[in-house]
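Inspection log for the structure reproduced underneath, given as structure tokens.
Residue numbers (mature numbering (1 follows the signal peptide of the UniProt record, and there is no 0)): -17 to -1, 1 to 465.
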């Protein structure tokens, strides 16, 4: 049973520019002005080994699938396009999803779109396709609709991939477009109740389930058995321009894009999923944790941190180590916003530690609004929140306090909202390494020119906090523990 699901927590701290352009040279027939039907838009065959010769097309109707004991193509590699269909053709057990989400700059508005090819619920008579649309607003109201289109078309060309979920009888169509490098995505909504466009521009690189940058021969897309996941866009700037029931919804913020595909349903494969997506200052943070429902006590987490678009930390370990990179992720409680599920979590704290590189990153995330919630009974289900984050790199690049008895090094200097990364030469005497017998108050006094910070360095059973007070030009040990 699903214990607590936090699919997408968006966290923003930077201002973003608004744009409504089409930055990529998409194929002409992908234009919103094109009058061609999906079957007329592309060649239906491509020469083997020549992807530039045309486009690969997957054009299915709502109840179309293979039956009986037939082998289907189920992609498990982290090479090739992450956007192409992974199950070809569909069978009765497997399913896949293209997911897009976003959060406004103030952390109070959000959206989640899910494009599904999933026969698991076809027994209800709705077919194999779903399109879910969810918006949350600053006044804490929400908008939700689900569609069951008659046709799903996914077309992959040399320039990118486009998906269309269409129902000509009902008069609606929804689409997504992702360029080949997976740096940009556009989602177009068109029904009687919701119309408009959302664009996402990545500030990171595509990731596989083990945190490797795509493409990678040795990477895996399977965090748990029979369940596959990747992140074409871990996080980027989002521009939302939508009309819902005649009311305009326009904001900029942060967004991302996920791919999921599984041999069986989510509930068969997975017991628990937690996730945090954050973008603040120069950083993009991705955290996902999966718990298997098929293998007891099997969990997998992936934490990747980007700075200025380049990965600076990656780990799949959630256990502290003196040698291996690891990430400790803790739920936090007592904040202002939680859901109605049994677990009253209100945020997360993430500690990313690289002992070999002597680097440490700390992030705090706090819920500001409930994006969506599914109640399955007995206090369990799934919920997603929007919110804010703070933190960053909590060590100085060039200053190490080495106490041989404890092998201690400098771990943290953080201000109220952003990580403070300063040049120690501007503030410290030439000496940057202190011996065992150095008086710790002397060390603290060397840092007294910082306006307000917390120096935290420690290892194992030894911890020390030093408060820096510029106004009184002093530094005081405020807490120590052995």
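Cβ coordinates follow ideal geometry from the N, Cα and C atoms, glycine included.
Burial state of residue i, where buried means 16 or more other Cβ atoms lie within 10 Å
i, result
"residue 139", "buried"
"residue 107", "exposed"
"residue 228", "exposed"
"residue 73", "buried"
"residue 79", "buried"
"residue 51", "exposed"
"residue 222", "buried"
"residue 272", "buried"
"residue 261", "buried"
"residue 426", "Its pLDDT being 48, under 50, residue 426 is placed unreliably by the model, and nothing is read from it."
"residue 233", "exposed"
"residue 162", "buried"
"residue 168", "buried"
"residue 288", "buried"
"residue 279", "exposed"
"residue 374", "buried"
Of the listed residues the options, nearest to residue i (C-alpha basis)
i, options, result
"residue 151", "168, 132, 158", "132"
"residue 71", "62, 330, 47", "47"
"residue 258", "281, 239, 118", "239"
"residue 42", "171, 67, 343, 349", "67"
"residue 352", "56, 118, 51", "118"
"residue 126", "196, 358, 96", "96"
"residue 350", "172, 137, 223, 369", "369"
"residue 310", "320, 316, 268, 293", "268"
"residue 315", "331, 224, 361", "331"
"residue 170", "248, 84, 270", "84"
"residue 187", "266, 123, 176, 163", "266"
"residue 335", "326, 361, 295", "295"
"residue 231", "343, 157, 280, 181", "181"
"residue 361", "129, 326, 65, 376", "326"
"residue 165", "175, 129, 215", "215"
"residue 49", "264, 75, 144, 375", "75"
"residue 281", "320, 375, 256, 264", "256"
"residue 114", "129, 123, 344", "129"
Span of the beta strand (DSSP E), counted from its first residue to its last, around residue i
i, result
"residue 244", "230 to 245"
"residue 352", "342 to 360"
"residue 268", "266 to 275"
"residue 79", "78 to 87"
"residue 314", "309 to 315"
"residue 294", "293 to 298"
"residue 212", "210 to 227"
"residue 38", "Residue 38 -> no beta strand (DSSP E), and no H or E assigned at all."
"residue 162", "155 to 162"
"residue 332", "330 to 337"
"residue 150", "143 to 150"
"residue 184", "177 to 185"
"residue 370", "363 to 376"
"residue 99", "93 to 100"
"residue 284", "282 to 290"
"residue 138", "134 to 140"
"residue 128", "125 to 130"
"residue 64", "It is not in any beta strand (DSSP E) - residue 64 carries neither H nor E in the DSSP assignment."
"residue 115", "112 to 119"
Opening and closing residue of the alpha helix (DSSP H) in which residue i lies
i, result
"residue 252", "249 to 252"
Contact under 7 Å by Cβ, residue i with residue j
i, j, result
"residue 329", "residue 322", "no"
"residue 324", "residue 366", "yes"
"residue 226", "residue 178", "yes"
"residue 199", "residue 105", "no"
"residue 218", "residue 77", "no"
"residue 372", "residue 346", "yes"
"residue 141", "residue 236", "no"
"residue 213", "residue 65", "yes"
Beta-carbon proximity list for residue i, same chain, < 7 Å, skipping 5 on both sides
i, result
"residue 121", "91, 92"
"residue 112", "45, 99, 100, 131, 132, 135, 148"
"residue 203", "61, 191, 192, 193"
"residue 81", "98, 146, 159, 242"
"residue 339", "306"
"residue 205", "59, 192, 211"
"residue 348", "-9, -7, 259, 261, 330, 331, 370, 372"
"residue 302", "309"
"residue 320", "329, 350, 351, 352, 353, 368"
Contacting residues, own chain, Cβ-Cβ under 8 Å from residue i (five flanking each side not counted)
i, result
"residue 252", "207, 208, 209, 210, 245, 246, 275, 276, 277"
"residue 4", "Residue placement at residue 4 is flagged as unreliable, the pLDDT there being 42, under the threshold of 50; the coordinate-derived value follows with that caveat. Excluding sequence neighbours, residue 4 sits near nothing in its chain."
"residue 357", "-13, 364, 365, 366"
Contacts around residue i, its chain only, beta-carbon distance under 6 Å, and the 5 residues preceding and following it disregarded
i, result
"residue 308", "298, 337"
"residue 254", "274, 276"
"residue 57", "70"
"residue 103", "78, 248"
"residue 184", "167, 219, 220"
"residue 109", "131"
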